[in-house]
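Just so we're on the same page, my numbering is the position in the sequence shown counted from 1, plus 11.
By construction, the Cβ of each residue, glycine as well, lies at the ideal position given by its N, Cα and C atoms.
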Amino acid sequence: MTFQSTLQWASRGWRGPAFAALVALIAGLPGVFAMPPLDRDESRFAQATAQMLETGDFVVIRFQDEPRFKKPIGIHWLQAASVSLVSAAEDREIWAYRLPSLLGAMLAAAACAWGAAAFFGPTAGLLAGAMLGSTFLLSTEAFIAKTDAVLCGLTTLALAAMARIYAAAREGPAVSWRTRLLFWTGLSGALLVKGPVALVVVGLTAAALVLWDRRADWLARFGWAWGPILLIALVGPWAWAVTVATDGHFWREAIMGDLAPKLAGGHESHGAWPGYHTLGVWFLAFPLSLLIPAGLIFGWRHRAEPGVRFALCWLVPAWLFFEIAPTKLVHYTLPTYGALAWLAAAALQAPIGRLGRWSGAILAGLAGLVFAGVSFYLVSRFGGAADATAAAAAGGFLAAAGLVGGFMLV
12 MTFQSTLQWA SRGWRGPAFA ALVALIAGLP GVFAMPPLDR DESRFAQATA
62 QMLETGDFVV IRFQDEPRFK KPIGIHWLQA ASVSLVSAAE DREIWAYRLP
112 SLLGAMLAAA ACAWGAAAFF GPTAGLLAGA MLGSTFLLST EAFIAKTDAV
162 LCGLTTLALA AMARIYAAAR EGPAVSWRTR LLFWTGLSGA LLVKGPVALV
212 VVGLTAAALV LWDRRADWLA RFGWAWGPIL LIALVGPWAW AVTVATDGHF
262 WREAIMGDLA PKLAGGHESH GAWPGYHTLG VWFLAFPLSL LIPAGLIFGW
312 RHRAEPGVRF ALCWLVPAWL FFEIAPTKLV HYTLPTYGAL AWLAAAALQA
362 PIGRLGRWSG AILAGLAGLV FAGVSFYLVS RFGGAADATA AAAAGGFLAA
412 AGLVGGFMLV
């Protein structure tokens, strides 16, 4: 069996999303157990969840003696369920709190493959999902007990379902109520995990498509008779309970103390100029960065095709929003990475021109060398002699991934 035939077999039906999720699992699983808590936010999320389990209060989020009114409850519920199944709150085992993030990354890869297959075929779908699942940023967020990998998974699921509804309106595969259910479930879950971020990405995608196509008939296919009711049923009970329990203070603090300052300026010293995310994507999307130039060129040349148009409307407006917003963290654009993977996978189905090949090879090779250099620096700064072998192997593999990938592309 040739590689091409194996790839075609692996991408058929449910196998494409499943294999994409497997790639994300392999990429993220080692860090779940090997890495200590990486930053203050991860420790705060885990501690707040542990206190939730110990006190039995599953409505109001608290960190030690203070209320923590920054994010909705969703990630804490998922972490609490994970800890209850595989560990105990008093053990404070960080890996148990990380499992929802790992599952979120797997969901992102699977949903990316499922959505892309409607436009570009199952093989391209599998490649898109696998490329998203292996990116440096998503595979890193997969072993950090925070909201971002789960947000990426749920947002990508909602957009993949939207993409299939959009494709069905343009003679693509037919959709059933299950696709609409996945859209509303993904959007509701994302709201419970990180508030309005998913609404921004999904809303900008839909608005851009309507403006570009100058038609909005496909929007009627979302199940408006029951979808918003489902969203209210999933999100509403906790929203009402936390409003009553905190006398509305949760919303005042979450909006005026956390969200509004991020839109008004560089909140908590996290400000940066526009272009920050564009400069960082070549490293954060590694090794997908090898094919980003080819994908963008393909996207511009084939922008009249429905799948390419959807990917561009998913990517560009949301990316510009995150670039314009004064507060910037590297993971903010993660919910748009699925669109980059779609364009890269689609570009592989056509001949890649000289510009796309050489620019991708140079960027990927540079990223691999930078990651290798960072590995050696970190082990010299924070490690010991026993870590040198592992660091040398990691640095070598990272450099090889960039250089060999670039060599094969050109």
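Secondary structure note for Trp229: it is in no alpha helix (DSSP H), with a DSSP letter that is neither H nor E. Here DSSP, grouped into helix, strand and coil, assigns Thr196 to helix.
Considered as a whole, the stretch 263-319 harbours 271-275, 287-295 and 303-312 as its complete alpha helix (DSSP H) runs of no fewer than 4 residues, in chain order. Residue environment analysis places Leu366 among the exposed positions, since fewer than 16 neighbouring C-beta atoms fall within 10 angstroms of its C-beta. In the three-state reduction of the DSSP assignment, Thr338 falls in the strand class.
Asp159 sits buried, since 16 or more C-beta atoms from the chains shown fall within 10 Å of its C-beta.
For the pair Leu113 and Leu36, the CB atoms are nearer than the 8 angstroms cut-off.
Per DSSP, Arg109 has no beta bridge partner at all.
Along the stretch 42-95, the alpha helix (DSSP H) occurs as fully enclosed runs of 4 or more residues at 51-66, listed in sequence order. Take the alpha-carbon of Val246 and the one of Thr400: they are about 49 angstroms apart. With a cutoff of 8 angstroms on beta-carbon distance, Ala358 and Gly318 are scored as not near each other. The three-state secondary structure of Glu152, taken from DSSP, is helix.
Around Leu420, the same chain offers Leu301, Arg368, Gly371 and Ala372 as residues with beta carbons nearer than 7 angstroms, after the five sequence neighbours per side are excluded. In this structure, Pro28 places its C-beta atom within 8 angstroms of the C-beta atom of Ala121. In this structure, the straight-line span from the alpha carbon of Phe69 to that of Thr60 is close to 9 angstroms.
For Ile363, the secondary structure class from DSSP, reduced to helix, strand or coil, is coil.
Remark: C-beta atoms of Ile303 and Ala383 do not approach each other more closely than 8 angstroms.
Look at Phe147 here: in three-state DSSP terms it is helix.
Distances from the alpha-carbon of Arg232 to those of Ala397, Ser187 and Leu290 put Ser187 closest. When Ser22, Thr344 and Ile308 are compared, the shortest CA-CA separation from Thr134 is found for Ser22. Residue burial annotation: Val212 is buried, with at least 16 other C-beta atoms found within 10 angstroms of its C-beta. For Arg175, the enclosing alpha helix (DSSP H) has its first and last residue at Asp159 to Ala179.
Counting the other Cβ atoms within 10 Å of the Cβ of Thr151 gives 16 or more, which makes it buried. Trp251: member of the alpha helix (DSSP H) spanning Gly238 to Thr257, first to last residue. In the three-state reduction of the DSSP assignment, Glu101 falls in the helix class. Each residue's CA atom was taken as its position, placing Phe74 and Val255 some 20 angstroms apart. Here the alpha carbon of Leu377 sits roughly 12 angstroms from the alpha carbon of Val385. With respect to Trp106, Phe56 sits apart: the two C-beta atoms are not nearer than 8 angstroms. Within its own chain, the residues whose Cβ lies closer than 6 angstroms to the Cβ of Glu334, once the five positions on either side in sequence are excluded, are Pro285 and His288, listed in chain order.
Judged by beta-carbon spacing, Phe297 lies beyond the 8 angstroms limit of Ala352, meaning their Cβ atoms are not closer than that value. DSSP places Pro28 in the helix class (H, G or I) of the three-state scheme. According to the DSSP assignment, Trp20 belongs to the alpha helix (DSSP H) that extends over Phe14 to Ser22. As summarised for the stretch 349-405, the continuous alpha helix (DSSP H) elements at least 4 residues long and confined to that stretch are 365-393, given in chain order. Look at the beta carbons and you see the stretch 318-331 not touching the stretch 90-102: under three pairs across the two are nearer than 8 angstroms.
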